[in-house]
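To convert, note that position 121 of the sequence shown is 322 in the working numbering; the numbers rise steadily by one, no gaps. Glycine included, each C-beta is placed from N, C-alpha and C at the ideal position.
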Amino acid sequence: MAEGMMKQFYGQATYVQSAGVYSHRDIDGFAVAVCHEVGIELDRHRSRSFEEMQEWGDDLSSFDLIVALSPAAQRQALELTRFYSLEVEYWPILDPTGLGEKREDKLDAYRKTRDMIRGRMLDRFGPPTEDQT
């Protein structure tokens, strides 16, 4: 969700890659659905791990900032970048996986997560530079 929002809000002004501790390849359908509600397409997005990023040629030392959305991601980012001069920020964002019994309850949890990410992003990076808000 964060990568899709970042690209939608700030376009080509920044290079953005989303990575996690683990790679699940296919993005969660609930994340796709709640982002689609606000005009952000994640249908072709695939998740990847930090290791996959490095295997595919992304040099972590070339990034200025890593935003971690979980304590585990923060720990791994700090470990992988301990010799590099870059910032690692932790944004405590609700992990919606496994929350809610019914479909609508699950969607509500994902909406809360989407909105938390959006709020943190706008606070950190300012108003969108693209037409979407």
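Requested in this report: Using a threshold of 8 angstroms, state whether the C-beta atoms of residue 285 and residue 261 are closer than that.
Outcome: yes
Requested in this report: Reducing DSSP to helix, strand and coil, say where residue 289 ends up.
Outcome: strand
Query raised in the report: So what's residue 261 in DSSP terms, helix, strand or just coil?
Result: helix
Query raised in the report: Are the segment 264-274 and the segment 233-241 touching, with three or more C-beta to C-beta distances below 8 angstroms?
Result: no
**Report entry** Residue environment, residue 328, which counts as buried when at least 16 other CB atoms sit within 10 Å
**Finding:** exposed
Query raised in the report: Rounded to the nearest angstrom, how far is the Cβ of residue 314 from that of residue 202, given a contact under 8 angstroms?
Result: 7 angstroms
Report task. Could you please give the first and the last residue of the uninterrupted alpha helix (DSSP H) stretch that includes residue 235? Result -> Element bounds for residue 235: 230-237.
Report task. Output the distance between the C-alpha atoms of residue 306 and residue 300, rounded to the nearest integer angstrom. Result -> 8 angstroms
Query raised in the report: Short check: CB of residue 220 to CB of residue 254, under 8 angstroms?
Result: Here residue 220 is near residue 254, since their CB atoms are less than 8 angstroms apart.
Query raised in the report: Per DSSP, what kind of secondary structure is residue 245 in: helix, strand or coil?
Result: coil
Query raised in the report: DSSP on residue 320, reduced to helix/strand/coil?
Result: helix
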